[in-house]
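Working notes for the structure below.
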Amino acid sequence: MTSLLERPRTARPEHPDQPDQPTQLPQPEHPDQPGDRSAFSFETTTRLPDSAQGKGRGGARYGRTGVIHTPHGDITTPAFVPVATQAAMKAVLPEQMRELGAQCLLSNAFHLFERPGEDVLDEAGGLSRFMNWDGPTFTDSGGFQVLSLGAGFKKTLAMDVKGMKSDDVIAKGKERLAFVDEDGVTFKSPLNGSEHRFSAEISMGIQHKIGADIMFAFDELTTLMNTRGYQERSVERTFRWARRCVAEHQRLTQTRVGKPYQALYGVVQGANYEDLRRHAAQQIASLDFDGVGIGGAIEKRVIGDTCAWICDEIPESRPRHVLGIAAVDDIFACVENGGDTFDCVAPARTGRNGAIYTRDGRYNIKRATFKHDFGPFEEGCDCYACTHYSRAYIDHMLRAHELNGFTLATIHNERFFVKLLDDIRASIDGGYFDEFRDESLARFYANGSRG
Numbered sequence: 018m019t020s021l022l023e024r025p026r027t028a029r030p031e032h033p034d035q036p037d038q039p040t041q042l043p044q045p046e047h048p049d050q051p052g053d054r055s056a057f058s059f060e061t062t063t064r065l066p067d068s069a070q071g072k073g074r075g076g077a078r079y080g081r082t083g084v085i086h087t088p089h090g091d092i093t094t095p096a097f098v099p100v101a102t103q104a105a106m107k108a109v110l111p112e113q114m115r116e117l118g119a120q121c122l123l124s125n126a127f128h129l130f131e132r133p134g135e136d137v138l139d140e141a142g143g144l145s146r147f148m149n150w151d152g153p154t155f156t157d158s159g160g161f162q163v164l165s166l167g168a169g170f171k172k173t174l175a176m177d178v179k180g181m182k183s184d185d186v187i188a189k190g191k192e193r194l195a196f197v198d199e200d201g202v203t204f205k206s207p208l209n210g211s212e213h214r215f216s217a218e219i220s221m222g223i224q225h226k227i228g229a230d231i232m233f234a235f236d237e238l239t240t241l242m243n244t245r246g247y248q249e250r251s252v253e254r255t256f257r258w259a260r261r262c263v264a265e266h267q268r269l270t271q272t273r274v275g276k277p278y279q280a281l282y283g284v285v286q287g288a289n290y291e292d293l294r295r296h297a298a299q300q301i302a303s304l305d306f307d308g309v310g311i312g313g314a315i316e317k318r319v320i321g322d323t324c325a326w327i328c329d330e331i332p333e334s335r336p337r338h339v340l341g342i343a344a345v346d347d348i349f350a351c352v353e354n355g356g357d358t359f360d361c362v363a364p365a366r367t368g369r370n371g372a373i374y375t376r377d378g379r380y381n382i383k384r385a386t387f388k389h390d391f392g393p394f395e396e397g398c399d400c401y402a403c404t405h406y407s408r409a410y411i412d413h414m415l416r417a418h419e420l421n422g423f424t425l426a427t428i429h430n431e432r433f434f435v436k437l438l439d440d441i442r443a444s445i446d447g448g449y450f451d452e453f454r455d456e457s458l459a460r461f462y463a464n465g466s467r468g
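Using the working numbering, read the sequence shown as starting at 18 and increasing by one per residue.
Okay, here's the thing in structure tokens:
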């Protein structure tokens, strides 16, 4: 019997050649009117059947395939969203991202606010045109910087909390650069030390000028180390900010005529607490959002449960984005329990440090054994790096700190995750998700691989 992992690999989607001129911003049918909300929608194609092992209410499994329609094009889901933090993938051109199969990109509102400034992107015609990317785009609200600049942590999943509970926790060797109050957050710039103020209204104003197809409400991202009391207060504060985000988004949509409609997702927080997650999901579901972001600090052991708790409480008509997830087992757990789109910096960041993802696990290309290895990163991989260059060459590039090494490692890792989600999507549509999940995880983690 043929293994599911040996089925033909999902091909890259066909895309037209890149235009000679920079990407044009889609124009509304009536340039003197606000963006038409009907330009954004979501439709479900296939739903995973419920089962006795389903984590949702009544054995529900919320995994599905579908299509998100945006002014810049469609996103077939589930899908991986590579992170172009500052309107750029480090060392990789947008044309190369399209070639490796990426459907959409995510940039960060806080970093684009710092440089070059949201007014520059607005003048350029929006994020897509600014970076010559002809597909859909997302922007993070700046909420992640509440954690990364506040407590100094760079991730929210599987933090090593060691039983510590403190609302004043900060990562070793870090200085607190974000200060939360009821109205918003005061940031101290990591670039030059200047102070910046973010609130629900300011984040909405910045994101509207950046012009992404999908943006997120401003939220407070906590750590797993915060106390239960603080998590409760934070959930309520995030809800108050969410209401303000919706009101300001609606106001700006009406005033910024001649612009394509931008969808707004509300973010569900609540850490590891089921009651808080359900309560926060009900709050977000009560507001007029276009979609839902599943965010916050989550322990790995309950990541699938957390998605299911949230999906129990929100309308199925709203697309769900899981923020900051890129471990292979986490992706399978989140897809099975309702995640539609996923973003994470890990594939590019770890690739630049020599960590390479394959179907047989993750390995370090800079190990001595690869110095004389003239095979590809991964046999059978169709990415540009694997079809044109050897392990020995890329090992040399990375050791010599040549940017070509960053480019090739990033292309491969991003292709791995884009294709993984493509293959998962095919398995749901084809009715063999469970078998594909089990075989994929057994193969990936056979040698104790991380990721």
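We treat Cβ as the ideally placed atom computed from N, Cα and C, and that holds for glycine.
Model, not experiment: these values are computed from the prediction.
Contact between the segment 317 to 330 and the segment 295 to 309 is present: three or more C-beta pairs spanning the two stretches fall below 8 Å. Around the beta-carbon of THR87, 16 or more other beta-carbon atoms lie within 10 Å, marking it buried. Shown here, LYS205 sits in a strand according to DSSP, grouped into three states. According to the DSSP secondary-structure assignment, SER58 is paired through a beta bridge with HIS86.
Judged by pairs of C-beta atoms under 8 Å, the segment 62 to 81 does not touch the segment 100 to 108, as fewer than three such pairs exist.
Residue range 378 to 381 is occupied by the beta strand (DSSP E) that includes ARG379, with no alpha helix (DSSP H) assigned at that position. Per DSSP, the continuous alpha helix (DSSP H) segment holding TYR247 begins and ends at 245 to 272. Classified as buried, PHE461 has 16 or more neighbouring CB atoms from the shown chains inside 10 Å of its CB.
DSSP places ASN370 in the coil class of the three-state scheme, outside both helix and strand. The straight-line gap separating the alpha-carbon atoms of ILE373 and THR255 is approximately 37 Å.
In terms of Cβ geometry, THR239 and ALA126 do not form a close pair [threshold 8 Å]. By the criterion of a C-beta distance shorter than 8 Å, LEU269 is surrounded in its chain by MET221, GLY222 and HIS225, once the five residues flanking it on both sides are discounted. In this structure, PHE204 sits away from ALA217, with a CB-CB distance that is not shorter than 8 Å. Nearest C-alpha to LEU415 among SER158, LYS388 and ASP451: LYS388.
Exclusion of the five residues before and after SER444 leaves PHE450 and PHE453 as the residues of its chain whose Cβ lies within less than 7 Å of its Cβ. Considering only ALA343, ARG369 and GLY321, the residue with the shortest C-alpha distance to ALA350 is GLY321. Inter-segment contact for the segment 134 to 152 and the segment 243 to 258 is absent: fewer than three beta-carbon pairs are separated by less than 8 Å. Rounded to the nearest angstrom, the gap between the Cα atoms of ILE441 and ARG81 is 10 Å. When the Cα atoms are used, LEU194 and ARG214 turn out to be separated by approximately 12 Å.
At a Cβ-Cβ threshold of 8 Å, CYS400 and ARG432 count as neighbours. Between PHE434 and ALA108, the CB-CB gap reaches or exceeds 8 Å.
Within its own chain, the residues whose Cβ lies closer than 7 Å to the Cβ of GLY90, once the five positions on either side in sequence are excluded, are GLY152 and PRO153, listed in chain order. The three-state reading of DSSP puts ILE428 in helix, counting H, G and I together. Going by DSSP, ILE311 is part of the beta strand (DSSP E) stretching over 308 to 311. Residues of the same chain with a CB within less than 7 Å of the CB of GLY468, apart from the 5 flanking positions on each side, are ALA344, VAL345, TYR374 and ARG379 in chain order. Beyond the five residues adjoining it in sequence on each side, ASP305 comes within less than 8 Å, by CB distance, of VAL263 and GLN267 in the same chain, given in chain order. In the same chain as ILE428, and ignoring 5 residues on each side of it, the C-beta atoms closer than 8 Å to its own belong to VAL109, GLN113, LEU117, CYS400, TYR401 and ALA402, in chain order.
In its chain, beyond the 5 residues on either side, ILE85, GLN120, CYS121 and PRO153 have a beta carbon closer than 6 Å to the beta carbon of ILE92.
Residue environment for ASN430: buried (at least 16 other C-beta atoms within 10 angstroms of its C-beta). In the three-state reduction of the DSSP assignment, GLY283 falls in the strand class, which pools E and B.
The shortest CA-to-CA distance from ALA288 to any of THR323, GLY448, ASN209 and ARG376 is the one to THR323.
Distance from the CA atom of LEU340 to the CA atom of VAL98, rounded to whole angstroms, is 10 Å. The segment 94 to 174 is shown to contain whole alpha helix (DSSP H) runs of 4 or more residues at 111 to 116, 126 to 131, 135 to 141, 144 to 147 and 160 to 165, in chain order. With fewer than 16 other Cβ atoms from the protein chains shown falling within 10 Å of its own Cβ, ASN464 counts as exposed. Here TYR282 really is in contact with HIS338; their C-beta atoms are around 6 Å apart, less than 8 Å.
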